[in-house]
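Undergrad: First the structure, which I've put down as structure tokens, then a few questions once you've had a look.
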């Protein structure tokens with residue numbers, strides 16, 4: 024066991040035929056109610072659909088196997104952990120790193136949305152990092168079902184766990200689609216810059232009420248955050264989803280215009296040189 028998450032154990036395994044490492048989510052299913060057992064079957068089918076998805080910004084699913092005691096989900100192993108863990112360990116992200124992650128999230132969302140998938144649970148805990156510091160989207164559509172399966176006596180927990188990132192149209196019971204992911208992305212950008220989503224000081228039930236009834240989410244960005252970042256977040260958090268932009272619209276936003284350009288590469292080299300200089304001054 025290399026990680027324990029709310030719903031299950033996550034194991035690391037080695038595929039002897041390919042030489043690759045895989046992560047296995049192991050969900051206990053013995054003694055479930057008939058209703059929850061149906062959830063397990065649906066989840067198993069969903070995982071096998073997700074196997075068809077293949078994109079550099081999407082964590083690969085390799086399938087699901089059900090035994091008498093467990094549902095085991097086989098996934099690509101991401102060595103860097105989640106962006107949420109990164110924030111908990113090191114604090115809020117810089118705007119430059121937030122830009123990089125945001126653009127990569129949008130690349131994944133564009134792919135999912137073109138293939139008629141909605142992620143439904145964009146937040147830093149579901150964004151995983153590889154060894155190179157790039158990110159991939161994980162747990163699309165599955166995490167809420169997992170929570171429902173493992174908390175069968177707490178039917179509201181699936182909503183509560185992600186309340187602060189949930190789009191108003193979902194809370195209001197409207198038909199929702201791809202634009203719900205855009206709202207959650209806006210909350211996630213706030214989370215990266217401040218360590219928490221809008222309304223982060225409220226309990227989940229209170230957050231749900233405010234998301235549904237207030238015109239604009241409440242959050243406080245650091246003073247040095249750029250105007251383009253603020254405008255990007257405001258655009259994502261447009262309450263009327265008809266007016267909210269698509270992922271394809273947002274990837275061309277001014278906030279993301281300098282993510283992969285030469286200046287960023289030069290800035291990275293300067294940081295590396297500075298780090299190297301600092302390291303030479305450390306005595307062991």
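Residue numbers (our numbering): 24 to 307.
All C-beta atoms, glycine included, are put in the ideal place defined by N, C-alpha and C.
Keep in mind it's a predicted model, so treat the numbers as computed, not measured.
#1: How about the region 116 to 123 and the region 131 to 139: do they share at least three Cβ pairs that are nearer than 8 Å?
#2: With respect to the alpha helix (DSSP H) encompassing residue 58, which residues constitute its N-terminal and C-terminal limits?
#3: Please list, in chain order, all residues of the same chain as residue 106 whose beta carbon is under 6 Å from its beta carbon, the five residues on each side excluded.
#4: Please name the residue, chosen from 205, 215, 268, that lies closest to residue 111 on a Cα-to-Cα basis.
#5: If distances are taken between C-alpha atoms only, which option among 153, 188, 283 comes closest to residue 79?
#6: Please work out which residues of its chain come closer than 6 Å, Cβ to Cβ, to residue 161, disregarding the five sequence neighbours upstream and downstream, and give them in chain order.
#7: Alpha carbon to alpha carbon, how far is residue 230 from residue 248? Give it in angstroms, no decimals.
#8: Kindly indicate which three-state DSSP category residue 107 falls into: helix, strand or coil?
#9: Between the C-alpha atoms of residue 44 and residue 101, what's the straight-line distance to the nearest angstrom?
#10: Return the chain-ordered list of same chain residues with a C-beta closer than 6 Å to the C-beta of residue 278, the five sequence neighbours on each side being excluded.
#11: Could you tell me which of 187, 158, 233, 126 sits nearest to residue 272, measuring between CA atoms?
#12: Quick check on DSSP: helix, strand or coil for residue 36?
#13: Going by C-alpha to C-alpha distance, which of 74, 92, 76 sits closest to residue 53?
#14: Nearest CA to the CA of residue 239: which residue from 209, 218, 33, 246?
#15: If you draw a straight line from the alpha carbon of residue 141 to that of residue 201, how long is it in whole angstroms?
#16: Residue 203 and residue 190: beta carbons closer than 8 Å?
#17: Give the straight-line distance between the Cα atoms of residue 194 and residue 258, rounded to the nearest whole angstrom.
#18: Ordered along the chain, which non-local residues of its own chain (more than five positions away) have a Cβ less than 7 Å from that of residue 235?
#19: Could you give the residue range of the beta strand (DSSP E) that holds residue 136?
#20: For residue 109, count the other beta carbons within 10 Å of its own beta carbon; 16 or more makes it buried, fewer makes it exposed. Which is it?
#21: On the criterion of 16 or more Cβ atoms from any shown chain inside 10 Å, does residue 184 qualify as buried, or is it exposed?
#22: Give every residue of the same chain whose Cβ lies closer than 8 Å to the Cβ of residue 115, excluding the five residues on either side of it in the sequence, and list them in chain order.
#23: Report the three-state DSSP secondary structure of residue 78 (helix, strand or coil).
#24: Taking only the alpha-carbon atoms, compute the straight-line gap between residue 263 and residue 188 and give it to the nearest angstrom.
#25: Could you spell out the range, first to last residue, of the alpha helix (DSSP H) harbouring residue 208?
#26: Where in the region 215 to 275 do unbroken runs of the alpha helix (DSSP H), each at least 4 residues long, occur, reported from the N-terminal end onward?
#27: Could you tell me the distance, in whole angstroms, from the CA atom of residue 70 to the CA atom of residue 103?
TA: Checking against the coordinates, here is how it stands:
#1: no
#2: 57 to 73
#3: 147, 150
#4: 215
#5: 153
#6: 82, 149, 151
#7: 24 Å
#8: helix
#9: 9 Å
#10: 251, 252, 255
#11: 126
#12: strand
#13: 92
#14: 209
#15: 6 Å
#16: yes
#17: 19 Å
#18: 191, 194, 195
#19: Where residue 136 is concerned, there is no enclosing beta strand (DSSP E), although the alpha helix (DSSP H) it sits in stretches over 118 to 137.
#20: buried
#21: Residue placement at residue 184 is poorly supported in this model, since its pLDDT is 46, which falls under 50; the coordinates still yield a value, given next. Residue 184 comes out buried.
#22: 215, 216, 217, 218, 245
#23: coil
#24: 16 Å
#25: 202 to 217
#26: 227 to 236, 250 to 259, 270 to 273
#27: 23 Å
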